[in-house]
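Since the structure comes first, as structure tokens, the remarks are kept for the end.
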Ligand SMILES: NC(=O)c1ccc[n+]([C@@H]2O[C@H](COP(=O)([O-])OP(=O)(O)OC[C@H]3O[C@@H](n4cnc5c(N)ncnc54)[C@H](OP(=O)(O)O)[C@@H]3O)[C@@H](O)[C@H]2O)c1
């Protein structure tokens, strides 16, 4: 078997190897998602603002990482063209729109609807909302060819005022939840399922000091979630177990929303 054929097949089977594109893979939930999919034999193409790490923690090569600033429209379009070139089989089985930003005020305070600068608001929307639809539209042929699945990562902050997540972040996630509904209708007709997951307080660097209080008072399970507990659900939404799930938003928050 040539190295190229080997690369296209899952390690322990004769099935063709599946490919996922994941935005924001360098840490947190994205990082756990790469581990989950690559250990199941998927080819994972990642993108983020930073270059490929010299010590790649999941054993991929730099050919599967693309440096993109999703806050920059022209750079996002350039990145999409590069991704299409790298999808040599022409199929994309999963697109996970995970990258996001959540800016804070000086000193780490919450940026509310009165004090968020419009430039900040627009930047948040470019990364958190416009990039996901640009990615999905730009890769629509490859998703269709694979009858693939899109997962948009929203947030508990998209449906309630959160003590730390700011107004721009919250509204971008609410918009992404609405976009998931629209996409489930439009892409669903093409055989591509689109769902979202809404994490609550997951143990990553995005959390603010003071989250312990939310854990004590608002989360019935009285603990943070782990990145892998989120990655597992993303995996389910990209595989056969969820073959008739389309347009859903799954809460992953230990019951914080109840
Ligand atoms: N952690 C939580 O408790 C929680 C709760 C609710 C929702 N979420 C959502 O879950 C997702 C992941 O969260 P996380 O906590 O794992 O976040 P994180 O640790 O802050 O990671 C964010 C990722 O996005 C990438 N990124 C940021 N700006 C980018 C840009 N302009 N262009 C390209 N990539 C960019 C970052 O990579 P670079 O820095 O290399 O660009 C990084 O890999 C986000 O959508 C977040 O809103 C998280």
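Residue numbers (our numbering): 1 to 258.
Think of the CB as a built atom: it goes at the ideal place given N, C-alpha and C, for glycine as much as any other residue.
Note that this is a predicted model, so its numbers are computed, not measured.
As computed with DSSP, residue 153 is found in a beta bridge with 197. For residue 129 against residue 179, the beta-carbon gap comes to about 7 Å, under 8 Å, which counts as contact. Under the 10 Å beta carbon count, residue 189 is surrounded by fewer than 16 other beta carbons and is classified as exposed.
A straight-line Cα-Cα distance of about 24 Å links residue 162 and residue 23. At least one heavy atom of ligand 1 is found less than 7 Å from the C-beta of residue 69. Taking the CA atoms as reference points, residue 76 sits about 10 Å from residue 66. Assignment of residue 258 by DSSP, reduced to helix, strand and coil, places it in the coil class. Of the other Cβ atoms in all chains shown, fewer than 16 fall within 10 Å of the Cβ of residue 244; this residue is therefore exposed. Segment contact: the segment 101-109 against the segment 139-147, fewer than three CB-CB distances shorter than 8 Å; contact not assigned.
Under the DSSP assignment, residue 48 falls in the beta strand (DSSP E) whose first and last residues are 43-48.
Between residue 96 and residue 33 the beta-carbon gap is near 6 Å, inside 8 Å, which marks them as a contact.
Annotation for residue 207 indicates a beta carbon within 7 Å of some heavy atom of ligand 1.
Judged by beta-carbon spacing, residue 29 lies beyond the 8 Å limit of residue 194, meaning their Cβ atoms are not closer than that value.
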